[in-house]
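Numbering (our numbering), first residue to last: 2 to 280.
In structure tokens, the structure reads:
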């Protein structure tokens, strides 16, 4: 339960709320008139001797994106989430064009439906955990150029097809990428991937319970719940799909949903994860 707190600094009154129970260390500030809040933000960062780790932005409330992102505290963020609807594609592109970071993002997410193509620059493609929902402009290049570990796409445009999935799998199979953990794609209702064509392109085998666990634990940050006692509740899916093994011994599973609008590529860095019920 949150409590109200009034803070006065340099003659400016800040109406704040705080909570004693929270699973995340989050600072909420109003976006209207956000510039006057900068001093308050720096005061808190200095008080707790920390840096801003995550920002969740409503872009429609920010009039001057370059000005907002010129603030030094934005250069140290680890997570960036855009979560408002009705935002122009140009404004989303402008945000990531002006975002200057000291290190790659740990988590990047865009949950703002778009009608035009989003420019996926290096900041997004180099993030460790990339989540894109209802985004136009996702193509095979998105898969090939992603350099992180966890990629989750909700595709609402026909720019990604069966041949793109085949090319992506072949690149992983013939390469030496040891960072990728999983790629999960939800396709729009108008698209169905050709499962038979994808599987026929590779030397696959059915799940062998002596080689790996049955259930795959999704490792992305948005797919597990951190509990009050400090433990985490994992999200697992049955991975009884088609297995392929790379020449270095790394195993991956190609999995489809029954409706043929869900594709998963799951890499088994640990073939026996989690408690016994996942095996």
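All C-beta atoms in this analysis are idealised placements derived from N, C-alpha and C, irrespective of residue type, glycine included.
Bear in mind the structure is a predicted one, so any value in this text is a computation, not a measurement.
message = Just verifying my parser: in three-state terms, what is the DSSP assignment at residue 91?
response = helix
query = Near residue 12, what residues of its chain come up, given a Cβ to Cβ distance below 8 Å and the 5 sequence neighbours on each side ignored?
reply = none
request  = Look at the alpha carbon of residue 118 and the alpha carbon of residue 142, and state the distance between them as a whole number of angstroms.
outcome  = 13 Å
query = Would you say the stretch 200-214 touches the stretch 257-273, given that touching needs at least three Cβ pairs under 8 Å?
reply = yes
inquiry  = Does residue 1 come out as helix, strand or coil in the three-state DSSP assignment?
reply    = Only positions 2 to 280 of the chain appear in this structure, which leaves residue 1 out of reach.
ask   = DSSP state of residue 110, grouped into three classes?
value = strand
query = Starting from residue 265 and walking both ways along the alpha helix (DSSP H), at which residues does that stretch end?
reply = That residue, residue 265, is in no alpha helix (DSSP H); its beta strand (DSSP E) goes 263-269.
message = Do residue 92 and residue 60 count as a contact pair if the criterion is CB distance below 8 Å?
response = yes
inquiry  = Nearest by alpha-carbon distance to residue 154: which of 241, 140, 148, 54 is it?
reply    = 140
message = Can you find the residues in the same chain that come closer than 6 Å, C-beta to C-beta, to residue 68, ignoring five residues on each side of it along the sequence?
response = none
ask   = Which partner residues of residue 155 appear in the DSSP bridge assignment?
value = 134, 187
message = What does the Cβ neighbour count give for residue 256, buried or exposed, with the cut at 16 atoms within 10 Å?
response = buried
ask   = Is it buried or exposed for residue 218, if we count other Cβ within 10 angstroms and need 16 for buried?
value = buried
inquiry  = Using a 10 Å radius around the Cβ and a threshold of 16 neighbouring Cβ atoms, would you call residue 260 buried or exposed?
reply    = exposed
query = Which residues mark the beginning and the end of the beta strand (DSSP E) in which residue 121 is found?
reply = Where residue 121 is concerned, there is no enclosing beta strand (DSSP E), given that its DSSP letter is neither H nor E.
query = Does DSSP put residue 97 in a helix, in a strand, or in coil?
reply = helix
task = Specify the secondary structure class of residue 82 as computed by DSSP and reduced to three states.
result = strand
ask   = If you count every other CB in all the chains shown that lies within 10 Å of the CB of residue 29, and 16 or more means buried, which is it?
value = With a pLDDT of only 49 at residue 29, under 50, the local geometry of the prediction cannot be trusted, and the value read off the model is given with reservation. It counts as exposed.
Sub-8 Å separation of residue 181 and residue 268 beta-carbons = yes
Boundaries (first-last residue) of the alpha helix (DSSP H) holding residue 66 = 66-70
ask   = Between the C-alpha atoms of residue 162 and residue 196, what's the straight-line distance to the nearest angstrom?
value = 11 Å
request  = Using alpha carbons as the reference points, say which of 253, 98, 265, 194 lies closest to residue 66.
outcome  = 98
key: Residue from 80, 127, 105, 71 with nearest C-alpha to residue 145   = 127
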